[in-house]
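Q: Structure provided below as structure tokens; questions to follow.
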Amino acid sequence: MPAWRSISLWMDQLDEPLLPRPSLAQDLDLDVAIIGAGYTGLWTAYYLKRQAPQLNVAVIEAQTAGFGASGRNGGWLMGNLLGEDRLLAGLSPEQRRASFDLLHGIPDEVANVIEREGIDCDYRKGGVLYCAARYPEQEASLRQYLDSLYAQGLNQDDYRWLSPEQLAQQIRVAKPYGGIYAPHCATIQPAKLVRGLARAVERLGVRIYENSPVTHWQSGSLQTRQAAVRSRWIVPAVEGYSVTLPPLGRYQLPVQSLLVATEPLPESTWEEIGLSQGQAFSESSRQVTYGQRSMDNRLVFGARGGYQFASQLRHDFDLTRDEVELRRYLFGELFPQLKNVRITHSWGGNLGMSRHFKPHMLCDRRKGIALSGGYGGEGVGASNLGGRTLADLILQRDSQLLRQPWVLPERGLEALRAWEPEPCRWLGYNAIIRSFVHEDQTLANTASAPWRRRMASRIAGFMEGFMH
Ligand SMILES: Cc1cc2nc3c(=O)[nH]c(=O)nc-3n(C[C@H](O)[C@H](O)[C@H](O)COP(=O)(O)OP(=O)(O)OC[C@H]3O[C@@H](n4cnc5c(N)ncnc54)[C@H](O)[C@@H]3O)c2cc1C
22 MPAWRSISLW MDQLDEPLLP RPSLAQDLDL DVAIIGAGYT GLWTAYYLKR QAPQLNVAVI
82 EAQTAGFGAS GRNGGWLMGN LLGEDRLLAG LSPEQRRASF DLLHGIPDEV ANVIEREGID
142 CDYRKGGVLY CAARYPEQEA SLRQYLDSLY AQGLNQDDYR WLSPEQLAQQ IRVAKPYGGI
202 YAPHCATIQP AKLVRGLARA VERLGVRIYE NSPVTHWQSG SLQTRQAAVR SRWIVPAVEG
262 YSVTLPPLGR YQLPVQSLLV ATEPLPESTW EEIGLSQGQA FSESSRQVTY GQRSMDNRLV
322 FGARGGYQFA SQLRHDFDLT RDEVELRRYL FGELFPQLKN VRITHSWGGN LGMSRHFKPH
382 MLCDRRKGIA LSGGYGGEGV GASNLGGRTL ADLILQRDSQ LLRQPWVLPE RGLEALRAWE
442 PEPCRWLGYN AIIRSFVHED QTLANTASAP WRRRMASRIA GFMEGFMH
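With the numbering used here applied, the sequence shown corresponds to residues 22 to 489, in that order.
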């Protein structure tokens with residue numbers, strides 16, 4: 022049996038034997054065939070079967086439920102979407118407020134389902150802390166971010182500034198410059214959520230086939246090595262693995278994010294650090310860091326990984342020493358008392374980045390294809406919204422979910438922007454990331470002259486502009 026337990030801390034913590042479900046051994050005729058048993062595929066199956074129990078739905082998975090990003094992520098369940106400011110920019114203030122409320126409600130919707138289905142996934146709605154905690158420029162950029170949120174009609178109940186003293190009531194970092202608190206975020210144990218969801222959809226009558234990679238798909242049918250499936254609807258739900266199902270790889274690039282987890286830390290250490298409510302936290306640099314205190318008192322901390330030439334998937338997530346040490350350095354800047362702590366787990370995964378750097382949920386009724394993805398590292402909550410939205414699109418229900426700017430009803434893949442061909446993608450991605458790393462190193466170095474600091478930030482900001 023493949024070593025699924027070693028995929029992540031989260032899979033390692035499961036107290037189930039991780040036995041594979043049967044693979045797809047015979048041809049099927051379905052109403053809805055879902056490719057991929059991650060959150061997107063399983064949420065779609067869940068909301069479809071809750072509303073239309075008569076539908077014949079199956080999920081076909083290359084490995085096991087939660088093998089992808091859903092069993093590996095940082096466990097931030099956010100009431101946000103990547104690029105929501107750009108997505109909502111064209112709406113009236115009332116529409117925008119309604120869309121924000123819909124997004125902010127995602128963690129509560131997930132809480133309702135896990136309660137109804139008896140899924141214990143360590144859900145704690147402690148909000149999120151964006152900390153200015155490594156260099157003073159972080160305070161200016163966070164304050165600017167907060168102003169931009171208020172300019173979009175959000176208010177103090179949605180996001181509020183924390184002085185260093187107020188920040189310290191929640192998280193105690195070595196160099197506190199202040200931070201932003203937002204309540205609409207929960208932390209979870211990701212693998213427990215995805216595995217629990219898989220069991221919940223099975224109880225609703227969905228069949229899940231594992232160890233059954235789809236080798237070919239098109240409108241109305243798909244193929245595995247052993248069997249053929251005909252289906253009115255095909256839902257490819259493979260986000261970071263889109264290259265395995267051409268032509269989807271043109272629209273979603275696999276990029277990697279990498280995490281480490283410490284050994285469980287003593288209560289005395291957590292009294293120094295805080296994070297007693299299950300808050301998610303990040304330090305506000307372009308390194309895209311994210312952390313949480315796990316239910317068993319570990320620090321789980323991640324940061325952006327990389328992109329491999331020609332969209333090659335990364336399969337080997339035995340992190341190199343440099344990859345582990347970068348993460349140790351970053352969390353050690355926040356919590357110097359953890360600099361030498363033992364790291365027991367390190368891992369990573371592939372996630373899907375759309376060319377617009379914002380998610381999409383689309384439905385091509387003529388071809389019978391429905392798709393949600395491009396979450397860009399913010400997919401734990403977004404995939405719940407995606408599942409609800411795809412279910413309503415397929416069932417042709419008139420709902421508020423469908424009147425959102427990220428929904429493309431009656432549109433096919435051609436509505437998505439394709440990535441540039443190689444080597445442009447690789448060169449572009451690496452140039453942008455290098456500018457981010459250079460900025461971070463310059464700002465973190467207290468000896469850097471003011472003009473160098475300004476220049477590094479300008480270059481990184483200019484490069485970030487290419488991401489929109
Ligand atoms: C390291 C990491 C940390 C992250 N942290 C966060 C976070 O804290 N908060 C947040 O909001 N988001 C986070 N994300 C992103 C989030 O986890 C993903 O956006 C989300 O899990 C995507 O779910 P999915 O179901 O669309 O895709 P996946 O979970 O990747 O599921 C896709 C499934 O498809 C299967 N598959 C692939 N190819 C085939 C094929 N040909 N045939 C059949 N099956 C196939 C895979 O095995 C996999 O099980 C993180 C991602 C990573 C990688």
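For every residue, glycine included, the Cβ atom is placed at its ideal position computed from N, Cα and C.
The structure presented is a predicted model; accordingly, all values stated were derived computationally and were not measured.
Can you tell me whether Ala331 is buried or exposed? The criterion is at least 16 other CB atoms within 10 Å of its CB, across all chains shown.
A: That one is exposed.
Q: Do Ala248 and Asp52 have their beta-carbon atoms positioned less than 7 Å apart in this structure?
A: No, Cβ-Cβ distance for Asp52 and Ala248 is not below 7 Å.
Q: Is Trp64 a contact residue of ligand 1, with contact defined as CB to any heavy atom under 6 Å?
A: Answer for Trp64: no, Cβ out of range of ligand 1.
Q: Thinking just about the alpha-carbon of each residue, which of Leu372, Arg71 and Cys206 is nearest to the one in Ile127?
A: For Ile127, the nearest C-alpha among the options comes from Cys206.
Q: So does the region 253 to 261 actually touch the region 235 to 245, counting three or more Cβ pairs closer than 8 Å?
A: They touch, by the three-pair rule.
Q: In this structure, does DSSP put Val281 in helix, strand or coil?
A: Three-state DSSP puts Val281 in a strand.
Q: Please classify Lys360: is it buried, with 16 or more other beta-carbons within 10 angstroms of its beta-carbon, or exposed?
A: Its Cβ having fewer than 16 others within 10 Å, Lys360 is exposed.
Q: Under 8 Å, with one C-beta from each stretch per pair, do the region 254 to 274 and the region 371 to 381 reach the 3-pair mark?
A: Contact between the region 254 to 274 and the region 371 to 381 is present, because at least three Cβ pairs lie under 8 Å.
Q: At a threshold of 6 Å, does Ile56 count as lining ligand 1 (C-beta to nearest heavy atom)?
A: It does: the Cβ of Ile56 is within 6 Å (strictly closer) of some heavy atom of ligand 1.
Q: Kindly give me the distance between the Cβ atoms of Ala153 and Ser367, rounded to whole angstroms, as I take these residues to be in contact under 8 Å.
A: Not confirmed; about 27 Å, so no contact.
Q: Nearest by alpha-carbon distance to Gly111: which of Leu355, Gln425, Leu123 and Ile454 is it?
A: Out of Leu355, Gln425, Leu123 and Ile454, Gln425 has the C-alpha closest to the C-alpha of Gly111.
Q: In the DSSP assignment, find the unbroken alpha helix (DSSP H) run with Met32 in it and report its ends.
A: Met32 -> alpha helix (DSSP H) spans Leu30 to Asp33.
Q: Between the beta-carbon of Arg193 and the beta-carbon of Gly370, is there less than 7 Å?
A: No; because the gap between Cβ atoms is not below 7 Å, this pair is not in contact.
Q: Kindly confirm or deny that the region 351 to 358 and the region 310 to 328 touch, where touching means at least three C-beta pairs closer than 8 Å.
A: The answer is yes - the region 310 to 328 touches the region 351 to 358, with three or more Cβ pairs under 8 Å.
Q: Between Gly270 and Ser263, is the Cβ-Cβ spacing less than 7 Å?
A: Cβ atoms of Gly270 and Ser263: closer than 7 Å.
Q: Could you give the distance in angstroms between the alpha-carbon of Glu288 and the alpha-carbon of Gly261?
A: Straight-line Cα distance between these residues: approximately 37 Å.
Q: Could you give the distance in angstroms between the alpha-carbon of Glu186 and the alpha-carbon of Gly199?
A: Rounded to whole angstroms, Glu186 to Gly199 spans 8 Å at the Cα level.
Q: Does the distance between the C-beta of Asn94 and the nearest non-hydrogen atom of ligand 1 fall short of 6 Å?
A: Yes.
Q: Tell me which residues share the same chain as Glu138 and place their Cβ nearer than 6 Å to its Cβ, disregarding the 5 neighbours each side in the sequence.
A: Taken in chain order, the residues that qualify are Ala221.
Q: Does Arg446 come out as helix, strand or coil in the three-state DSSP assignment?
A: Helix at Arg446.
Q: Please say whether Leu40 and Trp25 have beta carbons closer to each other than 7 Å?
A: Not in contact: Trp25 and Leu40 (Cβ atoms no closer than 7 Å).
Q: Can you give me the Cβ contacts of Gln84 inside the same chain, cut-off strictly under 6 Å, excluding the 5 residues immediately before and after it?
A: Hits under 6 Å: none found.
Q: With distance defined between alpha-carbon atoms, name the residue in Arg473, Met488 and Gly486 nearest to Glu158.
A: Here the closest residue by C-alpha is Arg473.
Q: In its own chain, which residues sit with a C-beta less than 6 Å from the C-beta of Ile480, not counting the 5 before and 5 after it?
A: So the list reads Ser456, once near-sequence residues are dropped.
Q: I'd like the span of the beta strand (DSSP E) that includes Thr365, first residue to last.
A: Start and end: Ile364 to Ser375.
Q: Going by DSSP, which residues form a beta bridge with Trp182?
A: In the DSSP output, where bridge partners are listed per residue, Trp182 has Ile201.
Q: Between Val134, Leu108, Thr365 and Phe487, which lies nearest to Asp33 when the distance is taken from Cα to Cα?
A: It is Thr365.
Q: Kindly indicate which three-state DSSP category Gln159 falls into: helix, strand or coil?
A: Gln159: helix per DSSP, three-state reduction.
Q: Okay, do the region 398 to 418 and the region 118 to 135 touch, 3+ Cβ pairs below 8 Å being the bar?
A: Result yes; three or more Cβ-Cβ pairs closer than 8 Å.
Q: Which residues mark the beginning and the end of the beta strand (DSSP E) in which Val428 is found?
A: That run of the beta strand (DSSP E) goes Val428 to Pro430.
Q: Helix, strand or coil for Gln187 per DSSP?
A: Note: Gln187 maps to helix in three-state DSSP.
Q: Buried or exposed, going by whether 16 or more other CB atoms sit within 10 Å of the CB of Gln191?
A: Buried: at least 16 other Cβ atoms inside 10 Å.
Q: Determine the direct distance from the alpha carbon of Gly59 to that of Arg386, and round the result to whole angstroms.
A: The alpha-carbon atoms of Arg386 and Gly59 are separated by roughly 23 Å.
Q: Please determine, among Gln333, Met316, Leu340 and Leu334, the residue with the shortest C-alpha to C-alpha distance to Ala324.
A: Comparing Cα-Cα distances from Ala324 to each of Gln333, Met316, Leu340 and Leu334, the minimum goes to Leu340.
Q: Is Gly407 helix, strand or coil when you go by DSSP?
A: The answer is helix: DSSP assigns Gly407 an H, G or I state.
Q: Would DSSP call Met484 helix, strand or coil?
A: Met484 falls in the helix class under three-state DSSP.
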